[in-house]
Structure formats: structure tokens, C-alpha cells
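Engineer: Below is one structure. I have some questions about it.
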Ligand code: FES
Ligand code: MG
């Protein structure tokens, strides 16, 4: 049992031999809890994103039982509680609209309850950042248990990667290669076990991020949901959080500036999602670590790609686990990482990964023979993105990384869908597709639409990629020469709103430039005539979001959520 010396926060609820102590204990007794559950043991919250509407987290209710086992073994008391769960494949208009809302739920749920430490049960894309953001704004000892990826999809002798296969489904249906029955069969084969996307999409990226930050036990990120070692990891995490309470090891000690730099480096090495940028910036904002968009380029862009996983490579998360998992990457990156940072198990990153071994160099490459020499995110500047924009060069067509072409402008997703496949649309392979109105405020919620499909008539001519520019995001499973996260967004009056059909746009990724080749006087004239779009909500959370969301270069958190309020609650409930 943990040797707890200081008075526990939970004793402010359970320790009183008075009326309030009676109230806090008595109602919980209806679950049959014994006296000693209230007598000064560390109380651990299990913050669970289980939901039948979040399929990627559908196994977390069961997995929480393994966490509880570990908590009880270590002498703690577990209380599992639900928080808003964000299911990427189901929720409209986009889960990103609700990331900040979920983080508010997490923050207030942790602070308002008699907890001494928290285990965050995460999986699908936004469930990881929202829980970390909320927990950081409280600051109790915190540890992440990520639910793990699905097993590799198996379909007619081949493999299906979650998300990456979606882009092929459309082509197969369009060409008549897929019947309705084929569609149904592929559906089932693509998701044959519990877990989140099995590609290096955003969910795997977030699991990797949590581990690279030092917020999980080492080895957590790559274990498939269906592997018994995930349950073991959950149990060990339960034991560990109780020790963390007695050590008072909080996120403030783990989530330091070097830990964030590590997460950026690791993301580049695994070929992770561009969504990492927004989530890492938002988490840094909560914990109070200065982190800027430029840091992703400065620390990540020259990092070699070591992991051969879709969408940047060929394989899937199950293969990554069998090859040795994230630990191999952490070891292989050597001095590219800050190796002396503290992690939640109380040891340094270097200590944690010394024994890592690679069992398959076709999946995890040695640093001397990377898949690509420089894989990270490039941050662009120019008059088209005064506060920055991003591109993932490793997912782009090399010949398009320096490109000048005329803009074809779509003012919204609806405008895009209505016109992209019209036969008389004036568009060629050299055109630059400019999509407005898909930023945080403008959509609202900054959906994953930046990698819009090319016009069918050009695809039929054999065009496979074109430069696309927007204030939106793209799925972690997407690829193409896609400029994303343009800030300020068009709905906030960014230059993106002023682009017109035929304007020349110049993209120069080596020089980190994105320029609209229209002279300043003309831009000033257009700016003066620009009318902001009508507000898309007049009430409720969406209005709060539109009024307070920050631009992409700051992580798209609400301005009023940046920072922490700590764990103290001054007033009582009665
Ligand atoms: Fe949930 Fe990809 S849809 S992880
Ligand atoms: Mg996604």
C-alpha cells in the first residue's frame, strides 16, 4: 500500500466527522462501500470516454475494470465517472467543435469531486486532447491509459487500414468496381476488433503523443486494444497512479517544454497527423508552457521518418506493435530527444526505453536508413496566412511543393460540392483549389475537409494531386499537397477570404512561403468591401465557441479556457 504522508484532498469530503462528512459518505454507501474506503486512502477518478456512440472507445468500460484492479491492489479507492465522449465517425458537424466542451466537462468533473488523482481513458481522436486539456487545467496527478488500435483490417487476402481505405471506397463505388454487397463486406472486415483506427491517423498519433510526453506508462501507445497486454498495462497504470498521488507527481512536472519538443520530434518520426499541432498547442496553453506554431517546424521538420505506417507508409499499428512499438522509435531517436525528462512512472525517458529492440526493420527503420530524411510539418508564412499555415510535406507530391497556379475559389463546402464536378468548371491540374469558410469560427469547428477530392474530370485524365489551400484540417489518414490551418481564417477576415478566381497563388515549401500574388492596393480595396459572414449560431455552446475560439496557430482552444484554475474548491455545497 502506498505510504501517503500528506493530507489527501479527498479527505476534505470524506474526512469530516460532522454533518457534511456524513452527507459525502452516506449516499455513496448505497453502493456497499466499506468504512476504510473513506478513511484516508488515495481516491482515484477513472475519467472514462466509453460510449456506444464512440466505437473506438467501446471497450473502455471493460478496460476500466483492469485499472480498478490495479488501484485496489495499491491501496487506493477507484471511482469511475463518464465524461463527454467524442466519436469521430459519427458526430456532426465535426468532433473538433466539441473538443473544448469536452475539456470543460473533464476539468469541472475532476475539480468538483473528491479525487486525489486521475486516470484518463482515451481512444478516438479528440478524446485524448480533451481529457489532457481538462486534467491540465486542474493539475492533480494524472496518467493516461490509451485504449489501443484495432487489429489490422483483413479483406479478401489484403489489408484495410482504417480511414485510409475510405478514400479508395469512393473510387471503387464510382468506377463500379464495388457492388453494394462488396461495400458491406469491406465494412465488417475493416473493423474486426475493438479499438481505434489502426493507421497512424489522429488517434494513434494522440496515443503516441501521450506516451512521448511522458503521460503513459512506457509501451502503452502501440498495444492493440484486443491484446491482453493492454489489460495488463491498464492494471499497472492503476497501481502507478496511487503511487503518483503519494509522490505528488503532477502534470506540471512531466509536461515541461522539453517534453513538448519530444512530442513534436516523435510525431515527425512516426509520420503522425497534422492534428497534433492543434492539440499540442492547446495542451501547452493549459499547462502554461510556451509553445508556438514555429516550434513544429523548428524541432520537427528535419526529423527522419522511421515508421512505415499508413498514411505515410504501408503498414498498420498491429505490425508496429510486433516490430517493437514506440519504444524502438524512442530509443532510435537518440539525442534528437531530451532523454532526461521525467515520465509518469517516475523514471526518465532514457531509462524507460533502454531495453527496446526492433524485431522488424521493414516497419521501424534504423535512423541511418530512414524512409524519408525529413518528415515533419512545415509551417508557412506569407500574405495568404499572416499567422501561419501548415503542410505535411511527407504526404505531398514532391513536384508540387514549389508551385504557382491560378486559384479556383470555393466559398464553402456546399459551394464546393455543388460545383466541383460540373463539366464547365474552369480548372486544370495547375489550378490551386482554395476553400474558404472551413476554419474554427467559419464552419464552425474546423472540420477535416482540407484534402477535398479533385474534380472527377481531372482524375479521369490521370491527375492524382493538386495544391489545395484552406483554413480547415485534414484527417490524420489523408494525404496530398494540402495546405491547412490557414490563420487568420476567412471568417475572421483573413486574406484567404479575399482570394478570387484566377488570382495567382504561389506555394514554396522549401522557402516556407504562401503568397497571394495580388498587389496590396487591390487587396486593401477587397478588404474594405469584405462583409463578414452572418453568425452561424445565436445561442448555446456553439455561440460560446464562435465568440471565444482562438485561431489555429494558437491551437483553437477557447480564449477563456487557456491556463489552469488548480484543484482547490473554496466553497461547500451545503
Ligand atoms: Fe475513432 Fe479513427 S475514428 S480513432
Ligand atoms: Mg480523424
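Residue numbers (this note's numbering): 183 to 756.
Just so you know, even glycine gets a beta-carbon here, dropped at the ideal spot from N, CA and C.
For residue 355, which of helix, strand or coil comes out of DSSP?
Structural biologist: Here residue 355 is taken as the residue at index 173 of the chain shown, counted from 1. Looking at residue 355 - three-state DSSP - the assignment turns out to be helix.
Engineer: Is the closest heavy atom of the ligand FES to the C-beta of residue 369 under 8 Å?
Structural biologist: In the chain shown, residue 369 corresponds to position 187, counting from 1. Residue 369 Cβ: outside cutoff for every heavy atom of the ligand FES.
Engineer: Relative to the C-alpha of residue 743, which candidate in 459, 282, 363, 507 has its C-alpha closest?
Structural biologist: As a first step, residue 743 is located in the chain shown; it is residue number 561 there, counting from the start. Minimum Cα distance to residue 743 is reached at 282.
Engineer: Identify every residue that forms a DSSP beta bridge with residue 326.
Structural biologist: In the chain shown, the residue the question calls residue 326 occupies position 144. In the DSSP output, where bridge partners are listed per residue, residue 326 has 302.
Engineer: If residue 619 and residue 673 are in contact, beta carbons under 8 Å, what's the gap, nearest whole angstrom?
Structural biologist: Indexing the chain shown from 1 puts residue 619 at position 437. Indexing the chain shown from 1 puts residue 673 at position 491. Contact flag correct, Cβ pair sits at about 6 Å.
Engineer: Measure the beta-carbon distance from residue 652 to residue 632 and round it to whole angstroms, keeping in mind my assumption that it falls under 8 Å.
Structural biologist: Working through the chain shown from its first residue, we reach residue 652 at position 470. Working through the chain shown from its first residue, we reach residue 632 at position 450. Going by Cβ atoms, the distance from residue 652 to residue 632 rounds to 5 Å, so yes, they are a contact pair.
Engineer: What residue from 259, 237, 256, 676 has the CA that sits closest to residue 306's CA?
Structural biologist: Taking the chain shown and counting its residues from 1, the one referred to as residue 306 is at position 124. The shortest C-alpha separation from residue 306 is found at 237.
Engineer: Report, in whole angstroms, the separation of the C-beta atoms of residue 433 and residue 299, which I expect to be a contact under 8 Å.
Structural biologist: Mapped onto the chain shown, residue 433 falls at position 251. Mapped onto the chain shown, residue 299 falls at position 117. Separation of the CB atoms of residue 433 and residue 299 is rounded to 11 Å, and the pair is thereby denied contact status at 8 Å.
Engineer: Enumerated in chain order, which unbroken segments of the beta strand (DSSP E) with a length of 3 residues or greater are wholly contained in the segment 616-694?
Structural biologist: 649-652, 686-690
Engineer: Any heavy atom of the ligand FES closer than 8 Å to the CB of residue 756?
Structural biologist: Along the chain shown, one-based indexing puts residue 756 at 574. No, the Cβ of residue 756 stays beyond 8 Å of every heavy atom of the ligand FES.
Engineer: Within 10 angstroms of the Cβ of residue 626, are there 16 or more other Cβ atoms? Answer buried if so, exposed if not.
Structural biologist: If you number the chain shown from 1, residue 626 lands on position 444. The residue in question, residue 626, is buried, as its Cβ has 16 or more Cβ neighbours within 10 Å.
Engineer: Excluding the 5 residues preceding and the 5 following residue 317 in the sequence, name in chain order all residues of the same chain whose CB lies nearer than 7 Å to its CB.
Structural biologist: Residue 317 sits at position 135 when you count from the first residue of the chain shown. The answer, listed in chain order, is 288, 292, 300, 302, 324, 433.
Engineer: Determine the direct distance from the alpha carbon of residue 532 to that of residue 454, and round the result to whole angstroms.
Structural biologist: As a working mapping, residue 454 is identified with position 272 in the chain shown. As a working mapping, residue 532 is identified with position 350 in the chain shown. Their Cα atoms are separated by approximately 22 Å.
Engineer: Evaluate the contact criterion for the segment 363-380 versus the segment 189-207: three or more CB pairs, one atom per stretch, below 8 Å.
Structural biologist: No, because fewer than three Cβ pairs between the segment 363-380 and the segment 189-207 fall closer than 8 Å, the two stretches do not touch.
Engineer: Between the Cα of residue 241 and those of 377, 341, 357, spot the shortest distance and give me the residue it belongs to.
Structural biologist: The residue labelled residue 241 in the question sits at position 59 within the chain shown. It is 377.
Engineer: Quick one: residues in its chain with C-beta nearer than 8 Å to the C-beta of residue 539, no 5 flanking neighbours on either side, listed in chain order?
Structural biologist: Here the question's residue 539 lines up with position 357 in the chain shown. 506, 510.
Engineer: Using 10 angstroms around the beta-carbon of residue 667, count the other beta-carbons present and answer buried if the total reaches 16, otherwise exposed.
Structural biologist: Locating residue 667 in the chain shown gives position 485, counting from the first residue. Classification for residue 667: buried.
Engineer: Tell me whether residue 398, by its Cβ, gets closer than 8 Å to a heavy atom of the ligand FES.
Structural biologist: As a working mapping, residue 398 is identified with position 216 in the chain shown. Flag unset: Cβ of residue 398 not near the ligand FES.
Engineer: Per DSSP, what kind of secondary structure is residue 593 in: helix, strand or coil?
Structural biologist: The residue labelled residue 593 in the question sits at position 411 within the chain shown. Looking at residue 593 - three-state DSSP - the assignment turns out to be coil, as it is neither helix nor strand.
Engineer: Report the rounded CA-to-CA distance for residue 596 versus residue 304, giving the unit in angstroms.
Structural biologist: To locate residue 596, count along the chain shown from 1; it is residue 414. To locate residue 304, count along the chain shown from 1; it is residue 122. For residue 596 and residue 304, the distance between alpha carbons rounds to 33 Å.
Engineer: Compare the C-alpha of residue 553 against each of 488, 479, 391 and name the closest.
Structural biologist: Residue 553 sits at position 371 when you count from the first residue of the chain shown. It is 488 whose Cα lies nearest to the Cα of residue 553.
Engineer: Within 10 Å of its beta-carbon, does residue 752 have 16 or more other beta-carbons around it, so buried, or fewer, so exposed?
Structural biologist: Reading the chain shown from its first residue, position 570 is the one you call residue 752. It counts as exposed.
Engineer: Determine the extent of the alpha helix (DSSP H) in which residue 223 is found, giving its start and end residues.
Structural biologist: Counting from 1 along the chain shown, the entry for residue 223 is found at position 41. Per DSSP, residue 223 belongs to no alpha helix (DSSP H) and is neither H nor E.
Engineer: Below 8 Å on the Cβ atoms is my contact criterion, and I expect residue 246 with residue 262 to pass it. Report the Cβ-Cβ distance as a whole number of Å.
Structural biologist: In the chain shown, the residue the question calls residue 246 occupies position 64. In the chain shown, the residue the question calls residue 262 occupies position 80. Rounded, the Cβ-Cβ distance is 5 Å, consistent with contact.
Engineer: According to the neighbour-count rule (16 or more other Cβ atoms, all chains shown, within 10 Å of its Cβ), is residue 195 buried or exposed?
Structural biologist: By 1-based counting over the chain shown, the position of residue 195 is 13. Residue 195 should be labelled buried.
Engineer: Measuring alpha carbon to alpha carbon, tell me which residue in 643, 629, 696, 697 is nearest residue 279.
Structural biologist: Your numbering for residue 279 matches position 97 in the chain shown. Minimum Cα distance to residue 279 is reached at 629.
Engineer: Is residue 291 near the ligand FES, going by C-beta to nearest heavy atom under 8 Å?
Structural biologist: Numbered from its first residue, the chain shown carries residue 291 at position 109. The answer is no for residue 291.
Engineer: In whole angstroms, give me the CA-to-CA distance for residue 746 and residue 551.
Structural biologist: Against the chain shown, residue 746 aligns to sequence position 564. Against the chain shown, residue 551 aligns to sequence position 369. Rounded to whole angstroms, residue 746 to residue 551 spans 43 Å at the Cα level.
Engineer: Would you check whether the ligand FES has a heavy atom nearer than 8 Å to the C-beta of residue 464?
Structural biologist: Residue mapping note: residue 464 aligns to position 282 of the chain shown, counting from 1. Answer for residue 464: no, Cβ out of range of the ligand FES.
Engineer: Where does residue 756 sit, in a helix, a strand or coil, going by DSSP?
Structural biologist: For the purposes of this step, residue 756 is identified with residue 574 of the chain shown, where counting begins at 1. Reduced to three states, the DSSP call for residue 756 is coil.
Engineer: How about the segment 418-431 and the segment 215-234: do they share at least three Cβ pairs that are nearer than 8 Å?
Structural biologist: yes
Engineer: Our contact map puts residue 663 next to residue 648 with C-beta atoms below 8 Å; I'd like the distance itself, whole angstroms only.
Structural biologist: In the chain shown, residue 663 corresponds to position 481, counting from 1. In the chain shown, residue 648 corresponds to position 466, counting from 1. Rounded, the Cβ-Cβ distance is 7 Å, consistent with contact.
Engineer: Buried or exposed: where does residue 735 fall if 16 or more other Cβ atoms within 10 Å of its Cβ makes it buried?
Structural biologist: In the chain shown, counting from the first residue as 1, residue 735 sits at position 553. Buried.
Engineer: Would you list the residues sitting across from residue 261 in a DSSP beta bridge?
Structural biologist: Stepping through the chain shown from its first residue, residue 261 is reached at position 79. DSSP output for residue 261 lists 227 as bridge partner(s).
Engineer: Please report the Cβ distance between residue 634 and residue 598, rounded to the nearest whole angstrom; I am assuming they are in contact, meaning their Cβ atoms lie under 8 Å.
Structural biologist: Walking along the chain shown from the start, residue 634 turns up at place 452. Walking along the chain shown from the start, residue 598 turns up at place 416. Rounded, the Cβ-Cβ distance is 6 Å, consistent with contact.
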